[in-house]
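**Student:** Heads up: the sequence shown runs through residues 16 to 204, numbered per the working numbering.
Beta carbons: idealized from backbone N, C-alpha and C, even for Gly.
This is the structure, below, for whatever I ask next.
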Amino acid sequence: MPRSERSRPWRLLLVLALIVQALPAAAVPAPLLPALPDAGDPAADWAAMGLARQHDLRARYAAWQALPETERQSVRQAAARVATLPPGERDALYRRFQQQDRLFRDGWRLGPQLGALYPKLHPLLGYVPAEQRTPLLALLHQLDADQLAQLGLIVQRTPPQEQAELRTQLLALDAPARAQWLRQKVEGR
C-alpha cells in the first residue's frame with residue numbers, strides 16, 4: 016500500500032482533534048468532550064475566558080458552520096471512531112496534531128478534503144479578501160478530488176504576486192468552464 020494511503024486514517028484522526036472541539040456538544044460523543052467546570056453562568060464563563068480563547072472558539076464554530084453537510088457527517092463519523100480509541104491513543108493523536116504548525120492546524124478547519132490539501136492551497140487561501148472568502152470556499156467544496164489536485168498544482172506554480180488574479184479568474188468561471196480551465200492550466204496552456 017502506498018505511503019499516502021497508509022497515512023490517510025491518521026490524518027483524518029488528527030483533524031478531529033481540532034474540529035471536534037468546534038462541534039456543538041450534542042454532535043460529539045461524550046468521551047471527546049473536554050472536561051468542563053460545573054455549569055455556572057454561561058455569560059460570566061464566556062467573559063472570563065479571555066479574548067484570544069473567545070476568538071478561537073468563534074473561528075472554530077464559523078469553520079464548522081461553513082462545512083458542507085457531507086463533510087460534517089464525515090467528521091462526526093470519524094469522531095465516533097476516535098471515541099472508541101483508548102485514552103492514550105487519543106492523547107497521542109492530539110499531541111501529534113498540536114505539534115504541527117498552527118497555520119496547517121488551522122487549515123484543517125476547512126474540513127477533511129480541503130484540510131489535506133491546505134499546504135498546497137494556502138497561497139490561494141492565505142490572504143483572501145473578505146468578499147471573496149465565502150464564494151471561494153463554496154467553490155472549493157464543489158471541486159472533486161482530481162480538480163482539487165489540479166488546482167493545488169496550479170497554485171504551487173503561480174507566483175505570489177499573481178495569486179489574487181488566479182483567484183479572481185477561478186471565481187469568474189462556471190463549473191464546465193472551470194474544469195476545462197483547470198486542465199489547460201495544468202497542461203501549461
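What's the call for Leu132, buried or exposed, on a 16-neighbour Cβ count within 10 Å?
**Tutor:** buried
**Student:** Classify Leu82 as helix, strand or coil using the three-state DSSP reduction.
**Tutor:** coil
**Student:** Can the beta-carbon of Ala81 be found closer than 8 Å to that of Leu152?
**Tutor:** yes
**Student:** With a CB to CB cut of under 7 Å and the five nearest residues on each side skipped, what residues in its chain are close to Ala41?
**Tutor:** Here Ala41 scores only 46 on pLDDT, less than 50, and its place in the model is too uncertain to base an answer on.
**Student:** Would you kindly work out how many angstroms separate the C-alpha atoms of Ala37 and Asp121, rounded to a whole number?
**Tutor:** Bear in mind that the predicted position of Ala37 carries a pLDDT of just 46, short of 50, making it too unreliable to give a figure here.
**Student:** Leaving out five residues on either side along the sequence, give the residues of the same chain with a beta carbon under 8 Å from the beta carbon of Gly167.
**Tutor:** Leu132, Lys135, Leu136
**Student:** So, with DSSP's three-state summary, where would you put Leu158?
**Tutor:** Coil at Leu158, not helix or strand.
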